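Visitor:
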Amino acid sequence: MPEPLLEVKNIQVEYRSKDRVVKAVRGVNLRINKREIIGIVGESGCGKSTLAMTFLKLVDIPGKITSGEIIYHGKTDIDVLKLKPSALRKYRWKEVSMIFQGSMNALNPVTRIEEQIMDTMIEHGYEQETAMKRVDELLRIAGLNPSVKRSFPHELSGGMKQRVNIAISLACEPSLVIADEATTALDVVVQRQIMARLLKLRDELGISLVFITHDISLVANIADRVYVMYAGKIVENGPVKEIFHNPKHPYTIALLNSIPSINRDKKIKGIPGTPPDLSKPINGCPFAPRCSKAFDKCHEIEPDLISIGQDHEVSCHLYG
Amino acid sequence: MPLIWVIRMDSIVELRNVTKIFTNTQGIIKRKKRTVYALHDVNLSIGEKEILGLIGESGSGKTTLGLAVLKLLDLEGGEILFRGKDILNMKKKETFRFREKTEMIFQDPYGSLNPVQSVYKIISTPYKVFNKNAKERDVIERVIDTLEMVGLNPPEQYLAKYPNQLSGGQRQRVGIARAIITNPEFLVADEPVSMLDVSLRADVLNILLELREKLGSSMLFISHDIAVTQYVSDRIAVMHLGQIVEIAESTELVNNPLHPYTQTLISSIPIPDPERRWDTSEPKVLAGEYVNEGKDECSFANKCPFVMDKCRRSRPKMIEKGNKHYVACYLYE
Numbered sequence: 004m005p006e007p008l009l010e011v012k013n014i015q016v017e018y019r020s021k022d023r024v025v026k027a028v029r030g031v032n033l034r035i036n037k038r039e040i041i042g043i044v045g046e047s048g049c050g051k052s053t054l055a056m057t058f059l060k061l062v063d064i065p066g067k068i069t070s071g072e073i074i075y076h077g078k079t080d081i082d083v084l085k086l087k088p089s090a091l092r093k094y095r096w097k098e099v100s101m102i103f104q105g106s107m108n109a110l111n112p113v114t115r116i117e118e119q120i121m122d123t124m125i126e127h128g129y130e131q132e133t134a135m136k137r138v139d140e141l142l143r144i145a146g147l148n149p150s151v152k153r154s155f156p157h158e159l160s161g162g163m164k165q166r167v168n169i170a171i172s173l174a175c176e177p178s179l180v181i182a183d184e185a186t187t188a189l190d191v192v193v194q195r196q197i198m199a200r201l202l203k204l205r206d207e208l209g210i211s212l213v214f215i216t217h218d219i220s221l222v223a224n225i226a227d228r229v230y231v232m233y234a235g236k237i238v239e240n241g242p243v244k245e246i247f248h249n250p251k252h253p254y255t256i257a258l259l260n261s262i263p264s265i266n267r268d269k270k271i272k273g274i275p276g277t278p279p280d281l282s283k284p285i286n287g288c289p290f291a292p293r294c295s296k297a298f299d300k301c302h303e304i305e306p307d308l309i310s311i312g313q314d315h316e317v318s319c320h321l322y323g
Numbered sequence: 042m043p044l045i046w047v048i049r050m051d052s053i054v055e056l057r058n059v060t061k062i063f064t065n066t067q068g069i070i071k072r073k074k075r076t077v078y079a080l081h082d083v084n085l086s087i088g089e090k091e092i093l094g095l096i097g098e099s100g101s102g103k104t105t106l107g108l109a110v111l112k113l114l115d116l117e118g119g120e121i122l123f124r125g126k127d128i129l130n131m132k133k134k135e136t137f138r139f140r141e142k143t144e145m146i147f148q149d150p151y152g153s154l155n156p157v158q159s160v161y162k163i164i165s166t167p168y169k170v171f172n173k174n175a176k177e178r179d180v181i182e183r184v185i186d187t188l189e190m191v192g193l194n195p196p197e198q199y200l201a202k203y204p205n206q207l208s209g210g211q212r213q214r215v216g217i218a219r220a221i222i223t224n225p226e227f228l229v230a231d232e233p234v235s236m237l238d239v240s241l242r243a244d245v246l247n248i249l250l251e252l253r254e255k256l257g258s259s260m261l262f263i264s265h266d267i268a269v270t271q272y273v274s275d276r277i278a279v280m281h282l283g284q285i286v287e288i289a290e291s292t293e294l295v296n297n298p299l300h301p302y303t304q305t306l307i308s309s310i311p312i313p314d315p316e317r318r319w320d321t322s323e324p325k326v327l328a329g330e331y332v333n334e335g336k337d338e339c340s341f342a343n344k345c346p347f348v349m350d351k352c353r354r355s356r357p358k359m360i361e362k363g364n365k366h367y368v369a370c371y372l373y374e
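From first to last, the protein sequence lines are chains A and B.
My numbering puts the first residue of the first sequence at 4, with every later residue one more than the last.
My numbering puts the first residue of the second sequence at 42, with every later residue one more than the last.
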């Protein structure tokens, strides 16, 4: 029986501005087990990055988590959203860390790599000397030569900077690392090197990983379980093989039909239309206007996630 | 001169020994000049109605090559022929005609459209430049036809819209419409779908394929995404640090990559099938960051797991390994 590490219950996030409210995440349930690799896929604007930020309670004004619960099962169970600022500081990075989107720009340009990694550790209570010793090890784990610690970020390539970010994310020995489009801007060869490195870390350190990406092919390669997100909700989730070989939701199917793959002589097809505006109320299934299988009910009632097999859930009236 | 491998009888664009060097000065007190060969002795030809894919990592010179064939750059060496004419020594009038026959589709659908111009204005401008005496009514008709061709239906609805009223996919179609309204014979598409959402890419790629059929234009398709490139291209050329290291028909290149760099590249592509995952080993390229400084050596020598002495002594020639498959690597000599 897999042990859950992080449980997300009915999370809702809104972004508020003067004249409108955008419901970015509209009630998501999600579970990350120990030593598990989760993929969260979806188009831009579907709320996947916002969702990931809630795991660390990073959503800030104008965003607001309006309901839901996030339970982290560490040594003790932690109710993340109720943590006080000081406890939250300890939770972030020591328990859950993140590799940010565009994190090639996430490094401070005027301090050496070494200091940036050490800063993180010292902030979390490591001794100066222990931290200094650990820098070499962390860089090696991330696949870098320890000599780069004396470099400034601009002296490194995009791939190397991303590895530094991986090193920083592992600095305080977290149990869960969230990678938000961590390799999107990198070349495929570098991407593969970094992925291989992260997979190894799972095996060696026993950490869990969450990959947030629009690259479905990448998810097929690394994830154990996949969540497909659309318009702020999970529309389908299941084991990676189920999602790719037995997809149920018309959106998942359309998404899989829209990507070219090498050596597949199949005509690809785009998905007509665009995702709904989340600042307006949604009636019925949010995918219905783009769905080729939509019927009357789809435009009226929003379907719930229902179980349709071993660990496989879908929210679609075709199966309810 | 080993040119035979690239010259096709029906080529529309030909690059012969094209070299482009960028220099920049580094350091404030000690001025150091750094030379980078963005294109290093490149030979290539694009056939009539052919879509040639150009792949390689960022910084390999793909975009520079795209700009060079459109006469948007000066070269340090070599020549580029468009229908047999040297584009670098064209007179003003010839250049004007050349500009009409060649167009570019840009990567960024947000940055490449003027936000204060209507769709009609954006698309009609190039047409008016090359057809000064066209009547407004004809221009409108032409724009409508072009919008239809890129799948913006009904076209009348889009004429008065501004870019901020369009989605990314629609914007990119406007960019394509602007490029094809003059009926160009040759297009350069530089990463045309990399900034689009996955669900929208397919349609834009299919439009490019349809346009080739309808207009009969040739295309240089620049991308770092090999799956996308294979989908649209007839042949694929692989670039590494300013050098073309391999070129073959798309399927052949993907199924049977010969150059160690191409092999690494192909084996690193994620396939959307959990049954065909990567093994967990890291790709066998040596670490390090290099630039092409114009040395007579293989551009991949510093990273190649199979490197031999001679790889650093002189640059391997492009040779044919059957089936119009060309590779520049001493492993195959």
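All C-beta atoms, glycine included, are put in the ideal place defined by N, C-alpha and C.
As the structure is a prediction and not an experimental result, all values here were calculated from the model.
Whole beta strand (DSSP E) runs in the region 48-110 of chain A with 3 or more residues, listed along the chain?
Guide: Counting only runs of 3 or more, we get 66-76, 80-82 and 99-102.
Visitor: Is D307 of chain A helix, strand or coil by DSSP?
Guide: coil
Visitor: So which residues of chain B does E387 of chain A contact, with C-beta pairs closer than 8 Å?
Guide: With chain A covering 4 to 323 only, the question about residue 387 of chain A has no answer from this structure.
Visitor: Closer than 8 Å, CB to CB, is L202 of chain A near chain B or not?
Guide: yes
Visitor: Where does I265 of chain A sit, in a helix, a strand or coil, going by DSSP?
Guide: coil
Visitor: Can you grab the Cα-Cα spacing for the pair I267 of chain B / K103 of chain B, in whole Å?
Guide: 14 Å
Visitor: Hey, how far is the Cα of I285 of chain A from the Cα of V28 of chain A?
Guide: 13 Å
Visitor: Any residues in the region 261-285 of chain B with a beta carbon nearer than 7 Å to a beta carbon of chain A? Which ones, in chain order?
Guide: If the cut-off is 7 Å between Cβ atoms, the region 261-285 of chain B has H265, I267, A268, V269, Q271 and Y272 near chain A.
Visitor: If you compare alpha carbons, which of B:L372, B:R57 and B:I307 is closest to D190 of chain A?
Guide: For the residues B:L372, B:R57 and B:I307, the minimum Cα distance to D190 of chain A belongs to B:I307.
Visitor: Buried or exposed: S295 of chain A, going by 16 or more other Cβ atoms within 10 Å of its Cβ?
Guide: exposed
Visitor: Quick one: list the residues of chain A neighbouring L95 of chain B, beta-carbon separation under 8 Å, in chain order.
Guide: The contacting residues do not exist; L95 of chain B stays about 14 Å from chain A at best.
Visitor: Rounding to the nearest angstrom, what Cα-Cα distance links F147 of chain B and G192 of chain B in this structure?
Guide: Those two C-alpha atoms are separated by around 18 Å.
Visitor: For S101 of chain B, collect the residues of the same chain with a Cβ closer than 8 Å to its Cβ; drop the 5 residues on either side in sequence, then sort them by chain order.
Guide: Within the same chain, S101 of chain B has close Cβ partners M280, H281, L282 and G283.
Visitor: Looking at the C-beta of I288 of chain B, does it have a partner C-beta in chain A at a distance below 8 Å?
Guide: no
Visitor: Buried or exposed, going by whether 16 or more other CB atoms sit within 10 Å of the CB of Q271 of chain B?
Guide: buried
Visitor: Report the neighbours of V295 of chain B on chain A: residues whose CB is nearer than 9 Å to its CB, in chain order.
Guide: I265 and N266
Visitor: Which residues does DSSP pair with E361 of chain B in a beta bridge?
Guide: Beta-bridge pairing links E361 of chain B to B:Y367.
Visitor: Between K344 of chain B and I92 of chain B, what straight-line distance do the alpha-carbon atoms span, to the nearest angstrom?
Guide: 30 Å
Visitor: Answer with buried or exposed for F123 of chain B, where buried requires no fewer than 16 other C-beta atoms within 10 angstroms of its C-beta.
Guide: buried
Visitor: Less than 8 Å between the C-beta atoms of A377 of chain B and G273 of chain A, yes or no?
Guide: Because residue 377 of chain B is not part of the residues shown, which for chain B are 42 to 374, the question remains open.
Visitor: So what's R137 of chain A in DSSP terms, helix, strand or just coil?
Guide: helix
Visitor: Could you tell me which whole alpha helix (DSSP H) segments of length 4 or greater appear in the region 183-239 of chain A?
Guide: 191-208 and 219-225
Visitor: Taking the alpha carbon of D82 of chain B as the point to measure from, which residue in B:P357, B:R212 and B:H300 has its own alpha carbon closest?
Guide: B:P357
Visitor: Which residues mark the beginning and the end of the alpha helix (DSSP H) in which T166 of chain B is found?
Guide: V160 to F171
Visitor: I'd like to know if R14 of chain B contacts chain A, where contact means its C-beta is closer than 8 Å to some C-beta of that chain.
Guide: Any question about residue 14 of chain B goes unanswered here, given that chain B covers just 42 to 374.
Visitor: Mapping DSSP to helix, strand and coil, what is R317 of chain B?
Guide: helix
Visitor: By Cβ distance, which residues of its chain are closer than 7 Å to I262 of chain A, with the 5 residues on each side in sequence left out?
Guide: I219, S220 and I271
Visitor: Cutting at 8 Å between CB atoms, please list the residues of its own chain near L259 of chain A, excluding the five before and the five after it.
Guide: I219, F247 and P250
Visitor: Along chain A, which residues have their Cβ under 7 Å away from the Cβ of P324 of chain B?
Guide: V192, R195 and Q196
Visitor: Am I right that D82 of chain A and E72 of chain A are in contact with their C-beta atoms under 8 Å? What's the rounded C-beta distance?
Guide: 7 Å
Visitor: Would you check if the distance between the CB atom of I310 of chain B and the CB atom of L294 of chain B is smaller than 8 Å?
Guide: Against a cut-off of 8 Å, the Cβ pair of L294 of chain B and I310 of chain B comes out as no contact.
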